[in-house]
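2 protein chains.
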Amino acid sequence: MRAAVIAGGVGGAKFVKGLRAALGPEDRISVVVNTGDDMWLTGLRVCPDLDSMMYALAGMNDAERGWGREGESERVSAELAEYGVGWPWFTLGDLDLGTHIARTAMLQEGMPLSEVTDRLCARWGEAFRAPRTRLLPATDQEVETWVTAEEDGQVTEMHFEEWWVRTRASARAQRFVQRGVEQAGAGPGAREALAEADVILLAPSNPVVSIGTVLGLPGVGERPGLPGIPGIGEALREAAVPVVGVSPIIGTAPVQGMARQCLEVLGYDCSAAAAAQAYGARAGGGLLDGWLLAEEDAAALPALEGAGIRARAAPLRMRDETTSRRLAQDALELAAAISS
Amino acid sequence: MRAAVIAGGVGGAKFVKGLRAALGPEDRISVVVNTGDDMWLTGLRVCPDLDSMMYALAGMNDAERGWGREGESERVSAELAEYGVGWPWFTLGDLDLGTHIARTAMLQEGMPLSEVTDRLCARWGEAFRAPRTRLLPATDQEVETWVTAEEDGQVTEMHFEEWWVRTRASARAQRFVQRGVEQAGAGPGAREALAEADVILLAPSNPVVSIGTVLGLPGVGERPGLPGIPGIGEALREAAVPVVGVSPIIGTAPVQGMARQCLEVLGYDCSAAAAAQAYGARAGGGLLDGWLLAEEDAAALPALEGAGIRARAAPLRMRDETTSRRLAQDALELAAAISS
Numbered sequence: 001m002r003a004a005v006i007a008g009g010v011g012g013a014k015f016v017k018g019l020r021a022a023l024g025p026e027d028r029i030s031v032v033v034n035t036g037d038d039m040w041l042t043g044l045r046v047c048p049d050l051d052s053m054m055y056a057l058a059g060m061n062d063a064e065r066g067w068g069r070e071g072e073s074e075r076v077s078a079e080l081a082e083y084g085v086g087w088p089w090f091t092l093g094d095l096d097l098g099t100h101i102a103r104t105a106m107l108q109e110g111m112p113l114s115e116v117t118d119r120l121c122a123r124w125g126e127a128f129r130a131p132r133t134r135l136l137p138a139t140d141q142e143v144e145t146w147v148t149a150e151e152d153g154q155v156t157e158m159h160f161e162e163w164w165v166r167t168r169a170s171a172r173a174q175r176f177v178q179r180g181v182e183q184a185g186a187g188p189g190a191r192e193a194l195a196e197a198d199v200i201l202l203a204p205s206n207p208v209v210s211i212g213t214v215l216g217l218p219g220v221g222e223r224p225g226l227p228g229i230p231g232i233g234e235a236l237r238e239a240a241v242p243v244v245g246v247s248p249i250i251g252t253a254p255v256q257g258m259a260r261q262c263l264e265v266l267g268y269d270c271s272a273a274a275a276a277q278a279y280g281a282r283a284g285g286g287l288l289d290g291w292l293l294a295e296e297d298a299a300a301l302p303a304l305e306g307a308g309i310r311a312r313a314a315p316l317r318m319r320d321e322t323t324s325r326r327l328a329q330d331a332l333e334l335a336a337a338i339s340s
Numbered sequence: 341m342r343a344a345v346i347a348g349g350v351g352g353a354k355f356v357k358g359l360r361a362a363l364g365p366e367d368r369i370s371v372v373v374n375t376g377d378d379m380w381l382t383g384l385r386v387c388p389d390l391d392s393m394m395y396a397l398a399g400m401n402d403a404e405r406g407w408g409r410e411g412e413s414e415r416v417s418a419e420l421a422e423y424g425v426g427w428p429w430f431t432l433g434d435l436d437l438g439t440h441i442a443r444t445a446m447l448q449e450g451m452p453l454s455e456v457t458d459r460l461c462a463r464w465g466e467a468f469r470a471p472r473t474r475l476l477p478a479t480d481q482e483v484e485t486w487v488t489a490e491e492d493g494q495v496t497e498m499h500f501e502e503w504w505v506r507t508r509a510s511a512r513a514q515r516f517v518q519r520g521v522e523q524a525g526a527g528p529g530a531r532e533a534l535a536e537a538d539v540i541l542l543a544p545s546n547p548v549v550s551i552g553t554v555l556g557l558p559g560v561g562e563r564p565g566l567p568g569i570p571g572i573g574e575a576l577r578e579a580a581v582p583v584v585g586v587s588p589i590i591g592t593a594p595v596q597g598m599a600r601q602c603l604e605v606l607g608y609d610c611s612a613a614a615a616a617q618a619y620g621a622r623a624g625g626g627l628l629d630g631w632l633l634a635e636e637d638a639a640a641l642p643a644l645e646g647a648g649i650r651a652r653a654a655p656l657r658m659r660d661e662t663t664s665r666r667l668a669q670d671a672l673e674l675a676a677a678i679s680s
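Structure follows, in structure tokens:
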């Protein structure tokens with residue numbers, strides 16, 4: 001079984017840990033990870049979602065705090081603050097900085113981000129081997145999500161992480177822009193993983209700024225004698241295998257994060273049904289075959305079925321590896337039912 | 341009194357601390373610091389001598405270990421080693437990394453190294469204010485000392501820091517090259533400080549790879565309507581004020597470091613007299629007016645006087661701020677005697 005997952009950071013990582021537990025040692029998991037939150041900070045390339053995913057799969061994440069490395073300290077950050085460098089509201093832990101420095105050094109040697117990511121993951125050994133789990137940046141290029149937002153009566157543009165971490169999504173977002181997307185394309189590994197998968201899963205990550213930014217990566221144009229390579233959204237629409245998503249929303253609230261403010265920008269409510277509607281049914285030009293929502297939201301099932309999405313209610317809260325594994329199994333079972 | 345000092349790292353810093361204690365709050369000290377040891381390491385710009393000088397003047401250096409910051413830790417370094425990045429034999433402490441990251445971020449914003457250095461020093465406040473002490477990189481350009489050295493029967497080229505730290509100068513040096521020097525020139529602040537000084541002092545630093553690299557920085561060529569600006573060695577030869585050096589060697593051994601291996605490359609013995617000879621008497625086209633050597637080396641005084649260098653014996657060992665201040669006073673007194 002080759003499973004491809006499109007995912008953001010922390011919530012996506014819990015789901016992938018569950019999937020890893022649900023699959024056997026011979027299976028393969030390719031995780032296409034959102035890179036829209038990536039940024040240059042004090043001269044270093046920071047990739048929040050790739051790092052959250054890597055630390056969680058390596059078992060080295062701070063589960064209590066919800067982000068970063070376990071046993072983290074902030075000696076370097078305190079120095080940077082003394083020198084007046086960096087964003088005071090964005091914490092760079094010492095262990096985390098090791099990752100950023102290593103990544104930046106490799107990028108500066110000319111290595112593409114996908115290869116850098118392979119090398120960083122290689123450090124963690126066994127954790128990525130059985131089943132073989134590969135993290136694939138959605139793109140090797142720098143495509144960053146910027147937010148046009150209103151704050152104190154002023155409309156400004158800011159990096160997504162500034163909007164997310166500094167304003168806690170309180171600055172009213174008007175739109176999200178993928179800066180650099182015109183010159184970029186989906187990462188080669190990401191496209192291959194989607195083309196070779198037996199099942200494609202959308203993790204319960206933010207549908208707009210995590211999964212949405214991955215889906216927004218365009219294809220690479222035709223070259224003489226070669227067909228064009230589809231973008232990631234296009235690849236999902238055309239996939240010969242089932243595409244099953246997991247709702248990141250229970251009732252009227254996201255399980256974590258600030259999906260409400262993101263969905264609002266696109267004109268959607270914050271609900272499991274609206275998130276599915278944002279992805280769209282494959283029958284209607286969208287990309288979903290199946291959708292898992294919480295048991296509390298079972299009332300939405302008939303409408304989704306009517307719209308051509310095979311929807312099922314399941315326990316969505318990933319409290320530990322058992323509940324995460326159960327959720328991944330539910331997603332795989334729904335995919336199997338769609339295939340048969 | 342405006343004093344200009346040309347200096348390397350640790351030994352130079354002790355001397356400048358002594359000079360600071362010897363001068364009054366209205367005096368000014370400009371320290372032209374060697375940048376030949378600077379390097380890019382894991383994507384970060386590391387300036388060993390500037391940092392040694394800054395930490396020592398700020399009172400934050402590790403005096404016991406002899407280099408780096410007091411109370412240092414190495415959490416980030418351990419991460420880099422796990423990722424297989426960097427030089428395992430070159431320690432980057434966490435606090436020290438804060439400096440490297442801040443510097444690199446500023447350089448990447450387009451700030452010249454001299455301005456970066458001012459900003460880094462500004463953090464330490466009072467420590468640099470009375471007397472006002474300014475650190476001036478010998479050049480704003482990247483001019484790095486590389487060593488052609490024989491190791492295990494192979495002749496290779498390596499960065500000076502690799503030769504110094506990894507091989508502990510055991511790889512037999514054949515020559516030193518200032519890479520990038522053709523496209524570079526002495527830093528603007530450094531040239532101004534030398535032009536405006538009332539006295540120019542050569543700290544007891546390595547005469548070849550610390551002071552020597554600073555002296556080797558060429559001037560900037562003539563532009564139409566403007567005279568050429570002399571290089572640093574030239575500026576000293578032409579200075580209207582006394583130039584007094586302090587021997588880094590007592591007897592046949594450097595007070596610290598590996599000056600012997602460096603002087604050998606240039607065909608000089610390791611002695612106080614040979615170091616003075618390497619700089620040369622101003623009367624003979626060199627740059628020294630005066631020279632302080634250790635009382636143990638007083639036998640060399642007549643020969644130096646005969647060569648046109650006003651030499652005096654003095655206690656050279658800087659064990660604490662009292663002995664450092666005394667040495668700086670001796671240098672200033674010799675300069676005053678030369679002027680009168």
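Residue numbers (the numbering used here), protein chains in the order written: chain A, 1 to 340; chain B, 341 to 680.
Every residue gets a Cβ at the ideal spot worked out from N, C-alpha and C, and that includes glycine.
Scanning chain B for C-beta atoms nearer than 8 Å to the C-beta of A:Y279 yields nothing, as the closest lies near 36 Å away.
Between the segment 129–148 of chain A and the segment 173–185 of chain A, the count of C-beta pairs closer than 8 Å reaches three or more; the two stretches touch.
Sequence-ordered contacts of the segment 475–501 of chain B with chain A are nonexistent [C-beta pairs closer than 9 Å].
In this structure B:E412 is buried. Its beta-carbon is surrounded by 16 or more other beta-carbon atoms within 10 angstroms. DSSP places A:A299 within a helical segment (H, G or I) once states are collapsed to three.
Distance from the CA of B:R665 to the CA of B:W407, rounded to the nearest whole angstrom, comes to 20 Å. Distance from the CA of B:L420 to the CA of A:G84, rounded to the nearest whole angstrom, comes to 25 Å. A Cβ-Cβ contact shorter than 9 Å links A:V16 with A:A203. When CB distances to chain A are screened at a threshold of 8 Å, the residues of the segment 430–445 of chain B falling below it are D434, L435, L437, G438, T439, I441, A442, T444, A445, in chain order.
For B:L656, DSSP assigns no beta-bridge partner whatsoever. Per DSSP, the beta-bridge partners of B:A343 are B:I369, B:V539. Membership of B:G376 in any beta strand (DSSP E) is not indicated, and neither H nor E is assigned to it by DSSP.
At a cut-off of 9 Å between beta-carbon atoms, B:Y423 makes contact with chain A. Separation of A:A336 and A:A253 (C-alpha to C-alpha, rounded to the nearest whole angstrom) is 29 Å. For B:E404, no CB of chain A lies under 9 Å from its own CB, so it is not counted at the interface with that chain. Taking the C-beta atoms as reference points, B:A668 is found nearer than 9 Å to B:A362.
For A:Q108, the uninterrupted alpha helix (DSSP H) segment begins and ends at 94–108. Under the DSSP definition of a beta bridge, B:P594 partners with B:I589. Contact annotation for A:R123 against chain B: E422, Y423, G424 [CB-CB distance below 8 Å, chain order]. Sequence-ordered contacts of the segment 366–398 of chain B with chain A read T382, G383, L384 [C-beta pairs closer than 8 Å]. Where A:T322 is concerned, the enclosing alpha helix (DSSP H) starts and stops at 321–339.
Proximity to B:E414 across B:L435, B:A396, B:Y395, B:R405 peaks at B:L435, based on C-alpha coordinates. Shown in chain order are the members of the segment 407–422 of chain B whose Cβ falls below 7 Å from a Cβ of chain A: S413, R415, V416, E419, L420, E422. Contiguous beta strand (DSSP E) elements confined to the segment 153–211 of chain A occur at 154–159, 172–179, 199–202, taking only those with 3 or more residues.
For B:R519, the closest Cβ of chain A is not nearer than 9 Å.
Residue-level contact check: B:L453 does not touch chain A, since none of the beta carbons of chain A fall below 9 Å from its beta carbon. B:L555 places its beta carbon 9 Å or farther from that of B:G527.
Assignment of beta-bridge partners to A:G290 by DSSP yields A:V244, A:R310. Within the model, the alpha-carbon separation for A:A300 versus A:R172 is close to 29 Å.
Counting along the chain, B:E412 sits inside no beta strand (DSSP E), nor does DSSP assign it H or E at all.
Interface annotation, A:R129: not in contact with chain B, CB-CB separation never under 9 Å. Shown here, B:T479 sits in coil according to DSSP, grouped into three states, outside any helix or strand. The DSSP-derived three-state label of B:L557 is coil. Listed along the chain, the chain A residues whose CB falls inside 7 Å of the CB of B:Q448 are G43. In this model, B:F468 and A:A278 are separated by some 59 Å (Cα to Cα). A:P218 places its beta carbon 9 Å or farther from that of A:A130.
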